Amino acid sequence: MAEEKTELPGSECPFQAAMDLISGKWTMSIINTLMGGTMRFKQLERAVTGINTRMLVKELKLLESKELVHRQAYATVPPTVEYSLTEKGRALQPVIVAVQQWSGNQM
Numbered sequence: 001m002a003e004e005k006t007e008l009p010g011s012e013c014p015f016q017a018a019m020d021l022i023s024g025k026w027t028m029s030i031i032n033t034l035m036g037g038t039m040r041f042k043q044l045e046r047a048v049t050g051i052n053t054r055m056l057v058k059e060l061k062l063l064e065s066k067e068l069v070h071r072q073a074y075a076t077v078p079p080t081v082e083y084s085l086t087e088k089g090r091a092l093q094p095v096i097v098a099v100q101q102w103s104g105n106q107m
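Position one of the sequence shown corresponds to residue 1 (UniProt numbering), numbered consecutively onward.
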């Protein structure tokens, strides 16, 4: 007998897939900060208010795995690493602007 595949409600929903992609506590803050252009790790750490080093490393790795952020490491002494948005990450700009406008109207 074939095993029946059980899916959670909404698992095929594009909205839910998008929310899963951007729902982390720091995700939108990091993406919004990188909208300004390529940044080194310490610049990004200073720009994202309230995040600690360990959490920023974790979030950047996650965003890189989701193909929203590109990590460029340079073989320098000391090592230099820069982060920038991918096309997929930059495509979130209208979403961020809309959320900022909505927030401005609601708060």
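Glycine included, each C-beta is placed from N, C-alpha and C at the ideal position.
Note that the structure is predicted; figures quoted are calculated from it, not measured.
| Asked | Found |
| --- | --- |
| Using a Cβ-Cβ cut-off of 8 Å (strictly less than) and excluding sequence neighbours within five positions of residue 113, which residues of its own chain qualify? | Look at the range of the chain in this structure, 1 to 107, and you will see that residue 113 is not part of it. |
| Taking the Cβ atom as the reference point for each residue, do L92 and I31 lie within a distance shorter than 7 Å? | yes |
| Find the nearest neighbour of L63 within the set G104, S103, D20 and M107, judged by alpha-carbon distance. | D20 |
| Alpha carbon to alpha carbon, what distance is there between A18 and L56? | 21 Å |
| For A73, report the span of its beta strand (DSSP E) as first-last. | V69 to Y74 |
| Could you pull out every residue in the same chain whose Cβ sits closer than 6 Å to the Cβ of S23, ignoring the five residues on either side in sequence? | none |
| Work out the CA separation of K66 and E87 for me, nearest whole Å. | 12 Å |
| So Y74 packs on T38, CB below 8 Å; how close in whole Å? | Contact doesn't hold; Cβ gap of about 12 Å is too wide. |
| By Cβ distance below 6 Å, which residues in the same chain neighbour L34 in space, the five residues on each side in sequence not counted? | L85 |
| How is T80 classed by DSSP in three states: helix, strand or coil? | strand |
| Take the Cβ of V69 as the centre, count every other Cβ of all protein chains shown within 10 Å, and call the residue buried at 16 or more, exposed below. | buried |
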